[in-house]
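Residue numbers (my numbering): 99 to 237.
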């Protein structure tokens, strides 16, 4: 397993991954957020690749007003439970810390509810305001 920044060549495989593991509505919202984040700050979009360099996980983060936000985590069904999600959360958390964010939150929309226990195991908690207030912005 290797965690690295998103590359343009990842677009097709990450799109396929998102459409496979997310609901149609969540995938649509995530693809829009991914495009915005890539246009503003691609360093906060990380991809997990396996030994054959296949994209098997992605995490999208953003920084808003000196706060880091985990926006979306998606890991291919075949790789879930093998540490890919944890590795992505850890790697993005390190990027947030390098940016001296004041606090790190999880965007707690309805689509992230299933993974909240994973984030909480790292000590991260849901943003307690409506997720519509969170925008992908240049931090």
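Idealized CB from N, CA, C, for every residue including glycine.
Exercise. Where does the unbroken alpha helix (DSSP H) through residue 215 begin, and where does it stop?
Worked result: Residues 214-219.
Problem set entry | Meets three-Cβ-pair contact criterion under 8 Å: the region 216-224 and the region 180-189 | Short answer: they touch.
For this session: Using the Cα positions of residue 120 and residue 193, report the straight-line distance between them to the nearest angstrom.
Result: C-alpha separation (whole angstroms): 25 Å.
Exercise. Cα separation between residue 152 and residue 198?
Worked result: Their Cα atoms are separated by approximately 31 Å.
For this session: Compute the Euclidean distance between the alpha carbons of residue 204 and residue 142, then round it to the nearest angstrom.
Result: Roughly 14 Å separates the two Cα atoms.
Problem set entry | Cα-Cα separation, residue 112 to residue 168 | Between the alpha carbons of residue 112 and residue 168 lies a gap of roughly 17 Å.
Problem set entry | Local conformation of residue 191 per DSSP, three classes | Here residue 191 sits in helix by DSSP.
Exercise. Can you tell which of 165, 126, 164, 145 has the C-alpha that lies nearest to the C-alpha of residue 171?
Worked result: Put simply, of 165, 126, 164, 145 the residue whose alpha carbon is nearest the alpha carbon of residue 171 is 145.
For this session: For the region 147-175, list the beta strand (DSSP E) runs that are entirely contained and at least 3 residues long, ordered along the chain.
Result: List check, beta strand (DSSP E) in window: 153-162, 165-173.
For this session: Using the Cα positions of residue 102 and residue 196, report the straight-line distance between them to the nearest angstrom.
Result: Looking at the backbone, the Cα of residue 102 and that of residue 196 are separated by about 16 Å.
Exercise. Mapping DSSP to helix, strand and coil, what is residue 177?
Worked result: Three-state result, residue 177: helix.
Problem set entry | Check whether residue 118 and residue 174 have beta carbons under 9 Å apart | Closer than 9 Å, so yes.
Exercise. Is the Cβ-Cβ distance between residue 159 and residue 183 less than 9 Å?
Worked result: No; because the gap between Cβ atoms is not below 9 Å, this pair is not in contact.
For this session: Using three-state DSSP, classify residue 211 as helix, strand or coil.
Result: Residue state, collapsed to three classes: helix.
For this session: Count the other C-beta atoms from every protein chain shown that fall within 10 angstroms of the C-beta of residue 133, then say buried if there are 16 or more, exposed otherwise.
Result: Its Cβ having fewer than 16 others within 10 Å, residue 133 is exposed.
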